[in-house]
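Top line first, the protein sequences correspond to chains A and B.
Per this note's numbering, the very first residue in the first sequence carries number 7; after that it's consecutive.
Per this note's numbering, the very first residue in the second sequence carries number 1493; after that it's consecutive.
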Amino acid sequence: MTENIQLPEYQVESLKRLAWRSLRRHRAGMTGLVILILLAFIAIFAPVIAPYDPLEMHPHDRFHPPSPTYYFGADEFGRDIFSRVLYGARIAFGVGGISVSIATILGVIIGLVAGYAGGAFDAISMRIFDVILAFPAILMAIVILAVLGPGSLNAILAIAIVYIPSFARLTRANVLMEKNKEYVEASRAVGASPARIVFRNIFPNTVSTILVQITIAMAAAVLLESALSFLGLGTPLPAPSWGSMLSVGRGYLPLAPWYGIFPGLAITLMVMGFYLLGDGLRDALDPRRQ
Amino acid sequence: MGKYALRRLLQMIPVLILVSIVIFAIIHLIPGNPAEIMAGPNATDEQLAALKQQYGLDQALWVQYFLWLKHVLSGDLGVSFINGYPVGKLILQRIPATIELALAAAIIGLVISFPLGILSSLKPGSWLDLFTTLFSALSFAVPSFWLAILLILLFSLHFRWLPPSGRPPFSQEPVAHLKSLLMPAMTLGIAMAAKLTRYLRSAMLDVLNADYVRTAHAKGLSRFDVVMRHAIRNALIPVVTVFGLQVGDLLSGAIIVESIFAWPGVGRMTIQSIGWRDYSMLQASVMFIVMAFLLVNLITDLTYGIIDPRIRYD
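And the structure:
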């Protein structure tokens, strides 16, 4: 009996290898992966790579144009924009990563339970998600932050809430598709508990679509975080969030055009990395495209 | 069709009720009492009590909700915490600017995406196709506020062609008005165009490989006729969905883009009301955007039936 149940795990393992092999052939997907590895490296080793502390002020070098001393120029306090952009990767990964993790865990659990159990829990949770989805994502986040007050933690919470429904709905749809299949019936027939069926049997079969959704949500979360910081509702100054750097830089465009360019380039690069990786994963994990 | 529309409207009711509770909650979840915010820091207890009574803030929360709902349904959205003007009037003044911006952006989006999407699908692998693919991939990643900054750097600071912000009245300065519209509309329109182009191209590629298109070629129709009369019409079906979603995106994009270009629409009002802690104004502008968003989604759904008579709503 135990052997029967362990069989799917063996298949997941081989799908993983198959997916990796086809991802390696996917040019866009690999480009995304390389971009993200590079950015992760920058985020981890920012203190080593950055020539200056991101908060260190050089009053004599206010708005110093890009030069060998300040690669991306200096800002209104003479801080090195290059160092700030490097450190900004930490905030982007951090806020995006934590909020998407929360959204994934909560969304997947709710989706699994709602899809398998159905009934009142399903109906109520799906109606609540309808309400969240009735708001454009940024507006929902703005409303949450207007109520909770601005700040990094609240921004993480707002972004997480905004993306829970997409994970829950996706997981629920997967469960609905899987739950009448033979392997689930077999598991039920041998007396497995609902919890075991949902988490041990059905869940592994939803992992690949959730993985794709995570990369897409990361791209969206990085964009949303920078937008909220741009509006002054996210990561507070003087932390080097890319969004708030652009927001301040916008006020100095005639004096320091570089201030409005480099942080945006960084956002674009990271979002592009996640989108491309998501594209690659989708193709690699879809058995029909093998 | 009529039945389906009615059913969709009825299905919206529970969502609308929950949405209204969320919007009502905005004022009541904020730290501090609305009366205290309205009265300011120097208000006496008597003034506070009077304000609370005037706005019904001393009643049970559910009573307040139904009172608020009754007022909203009769068109009374309350008064601004800051200047005491009726919020409904303030919103009405801002709506034309937002609609104008959304329309201009949609036109820019369509004008760019249709030729790009269709031409690139006719010659897959060409330079134009490569450019199109790059253009749409980039647009997913470029944040609207950064695109806005780049446009300002280029058109306002470098070439000095367009004003970086504002909206002079059309009746007095029509040319200046149109010039001020161009950059915000481009910011929103380019993002829209990129997504539309991508979908239009892939929908066209699907359709161009379909059997009936081969038949149309075989019976001797010119390439132009095949594309214009057979392919595009069918490729439009999935594109309409995307267009609908994009119009929804225009509304949320307007929140940021209006703020950057000081465009006096509902989006800018939303952000301003947070800065001013004017929660009744925030409530009203959020309500407007959500209603418009839901309406656009509904219209998008209903449009399928008009474009594709095969789709039956039952």
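Beta carbons are placed, not taken as given, at the ideal position from N, Cα and C, and that holds for glycine.
Of the candidates B/ILE1529, B/SER1605 and B/LEU1593, B/ILE1529 places its Cα closest to the Cα of B/ASN1575. Contacts between A/ALA233 and chain B, judged by CB atoms closer than 7 Å, involve PRO1635, PHE1637 and ILE1748 in chain order.
What A/GLY157 touches in chain B, judged by beta-carbon distance under 9 Å, is nothing: the nearest beta carbon there is about 13 Å away.
For the region 1732–1766 of chain B, the residues whose beta carbon sits under 8 Å from a beta carbon of chain A are, in order, GLY1740, ASP1741, LEU1743, SER1744, ILE1747, ILE1748, SER1751, ILE1752, THR1762, ILE1763 and ILE1766. By the criterion of a C-beta distance shorter than 7 Å, A/GLY266 is surrounded in its chain by LEU252, GLY255, ARG256 and LEU259, once the five residues flanking it on both sides are discounted.
The residues THR1792, THR1795, TYR1796 and ILE1799, in chain order, have a CB closer than 8 Å to that of B/VAL1732 in the same chain once the five nearest residues on each side in sequence are set aside. With a threshold of 16 other beta carbon atoms within 10 Å, B/VAL1788 meets it and is buried.
Considering only A/TYR122, A/GLY35 and A/GLU82, the residue with the shortest C-alpha distance to A/LYS187 is A/TYR122. Within the model, the alpha-carbon separation for A/LEU163 versus A/PHE83 is close to 31 Å.
Counting only Cβ-Cβ distances below 7 Å, B/PRO1506 has contacts in chain A at ARG133, in chain order. Chain order gives the chain B residues near A/MET278 as ALA1629, LEU1630, PHE1632 and ALA1633, where near means a beta carbon separation below 8 Å. For A/ALA245, the CB contacts under 7 Å within the same chain, skipping 5 residues up- and downstream, are ILE97 in chain order.
Around B/ILE1522, the beta-carbon contacts reaching into chain A at under 8 Å are ALA152 and VAL153. Straight through space, the alpha carbons of A/LEU29 and A/ALA290 are spaced by roughly 5 Å. Boundaries of the alpha helix (DSSP H) around B/GLU1592: 1579–1614. Under the Cβ criterion of 7 Å, A/ASP136 is counted among the residues facing chain B. Against chain A, the beta carbon of B/ILE1781 has neighbours under 9 Å at PHE141, PRO142 and LEU145, listed in chain order.
Less than 7 Å divides the Cβ of B/LEU1620 from the Cβ of B/SER1612. DSSP places A/ASP86 within a strand segment (E or B) once states are collapsed to three.
Per DSSP, the unbroken alpha helix (DSSP H) holding A/MET36 starts and ends at 33–50. Burial state of B/LYS1687 is buried, judged by a 10 Å Cβ sphere holding 16 or more other Cβ atoms.
In this structure the region 1702–1718 of chain B does not lie against the region 1629–1649 of chain B, because fewer than three pairs of beta carbons, one per stretch, are closer than 8 Å. Between B/ALA1784 and B/ILE1587, the alpha-carbon positions lie close to 11 Å from each other.
The DSSP-derived three-state label of B/VAL1571 is strand.
In the assembly as shown, A/HIS32 is a buried residue. Its beta-carbon has 16 or more other beta-carbons within 10 Å.
For B/ILE1641, at least one C-beta of chain A is nearer than 7 Å to its own C-beta. Look at A/ARG68: its C-beta is not under 7 Å from any C-beta on chain B.
With 16 or more other CB atoms across the displayed protein chains lying within 10 angstroms of its CB, B/THR1689 is buried.
Under the 8 Å Cβ criterion, the region 1561–1568 of chain B does not count as touching the region 1743–1757 of chain B, having fewer than three qualifying pairs. Taking a C-beta distance under 7 Å as the contact criterion, A/PHE173 and A/GLY113 qualify as a contact pair. For the region 1576–1598 of chain B, the set of positions with a beta-carbon nearer than 7 Å to some beta-carbon of chain A is empty. Nearest to B/LEU1614 by C-alpha distance, out of B/ALA1598, B/SER1694 and B/VAL1555, is B/SER1694.
From the listed residues B/THR1625, B/PRO1756 and B/HIS1520, the smallest Cα separation to B/ALA1552 is found for B/HIS1520.
Per DSSP, B/HIS1650 lies in no alpha helix (DSSP H) segment and is marked neither H nor E.
Between B/PRO1676 and B/LEU1593, the C-beta spacing is below 7 Å. Taking the Cα positions, B/GLN1664 is about 37 Å away from B/VAL1734.
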